Amino acid sequence: MALKKQQSAVNATKVHDTSKDDTGEEDEKAWLLVEWFSTAEKPKETRFTSERDALEAFKASSSAKKQLVRPNMTCAETIE
């Protein structure tokens with residue numbers, strides 16, 4: 001139950017899930033979490049407004065390969 005509450009809090013701060021659109025618009029102030037669930041699929045990209053929420057989502061992600069990118073486009077965390 002505590003895990004469900006934590007996931008709800010993280011999801012509430014999500015800025016934009018770009019995994020299903022190709023508009024090319026990006027929020028330069030957002031943290032970016034990129035998750036590869038399968039090599040056959042495009043990676044899922046999720047943007048967050050706060051570092052804390054982005055780090056929590058990165059840690060909670062079940063993806064075997066994931067990357068967290070800072071707003072200045074430098075890599076903060078990677079798991080491959």
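The numbers in UniProt numbering rise by one with no breaks, and the one at position 46 of the sequence shown is 46.
For every residue, glycine included, the Cβ atom is placed at its ideal position computed from N, Cα and C.
Fair warning: this is a prediction, and the values are worked out from it, not measured in the lab.
Backbone CA spacing between residue i and residue j [nearest angstrom]
| i | j | result |
| --- | --- | --- |
| residue 55 | residue 80 | 16 Å |
| residue 59 | residue 67 | 11 Å |
| residue 40 | residue 52 | 30 Å |
| residue 70 | residue 45 | 13 Å |
| residue 73 | residue 31 | 9 Å |
| residue 62 | residue 75 | 19 Å |
Buried or exposed by the 16-neighbour rule on C-beta atoms within 10 Å, applied to residue i
| i | result |
| --- | --- |
| residue 50 | exposed |
Anticipated Cβ contact below 8 Å, residue i with residue j, distance rounded
| i | j | result |
| --- | --- | --- |
| residue 33 | residue 64 | Between residue 64 and residue 33 the Cβ distance is about 14 Å, and since that is not below 8 Å, they are no contact. |
Residues near residue i by beta carbon distance below 6 Å, same chain, minus five either side
| i | result |
| --- | --- |
| residue 29 | 71 |
| residue 77 | 58 and 68 |
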